[in-house]
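As structure tokens, the structure follows; a few thoughts come after it.
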Amino acid sequence: MATTAAEGRIDRFRSNLLLASALHGIARRGKGHDLTELERLATRPFMTMTESEEEIAALGQICSEAKAAARSRSFAAFSAPSAIMSMPDDEPLTKEQFNDQIRELGEETVLQPHIRAVSSDQVQADGSVIPTEAFATASSALG
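For the sequence shown, the UniProt record's numbering gives the first residue as 1, with consecutive numbering after it.
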């Protein structure tokens, strides 16, 4: 059971990074910028659905607006990495920056009080983990 939950969190984490990368790439492509290899990869599914440059420009405008909303904290449809969402549309997203974001978000994730990493020594025979007071308090505060 814990493996399934962990896999789900990892999948959401990965998809949010890729979605933020795609939004950034689409915004850049809509403004006529050349895309990096990573941006081309992230935007490919969206670009295959478009039929014209006008449609790409319209998608780019929507993505630029979503990025602006994320910067203003009024956009909460998904947890997008702020470093990617706050990038200017004329700044390319490189693979190195993307990898830096993965590392940084991973570190930020495990530092949250309602998340904890446990070793196999801490897992009981029934698969449960004895909660710490700090973890229980932080988890209950989230509802």
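Ideal Cβ placement from N, Cα and C applies to all residues, glycine included.
State yes or no: is the C-beta of residue i within less than 9 Å of the C-beta of residue j?
i	j	result
Gln101	Leu17	yes
His33	Lys67	no
Arg116	Thr132	yes
His114	Ser86	no
Ser64	Lys31	yes
Tell me, please, which residues DSSP counts as bridged to residue i.
i	result
Val123	Val129
Between the C-alpha atoms of residue i and residue j, what's the straight-line distance to the nearest angstrom?
i	j	result
Ala69	Thr48	26 Å
Leu105	Glu54	35 Å
Asp121	Val110	18 Å
Ala27	Ser52	15 Å
Ala77	Ser15	Here Ala77 scores only 47 on pLDDT, less than 50, and its place in the model should not be relied on; the value that follows carries that caveat. Going by the C-alpha atoms only, they are around 13 Å apart.
Please classify residue i as buried or exposed, where buried requires at least 16 neighbouring CB atoms within 10 angstroms.
i	result
Ser128	exposed
Ala42	buried
Ser21	buried
Asp126	exposed
Of the residues the options, which one's Cα is nearest the Cα of residue i?
i	options	result
Arg29	Ile56, Glu51, Ser15, Glu7	Ile56
residue 146	Glu104, His114, Gln97	Here the chain has residues from 1 to 143 only, and residue 146 is not among them.
residue 169	Asp90, Glu108, Val118	The requested residue 169 does not occur in the structure, where the chain is confined to residues 1 to 143.
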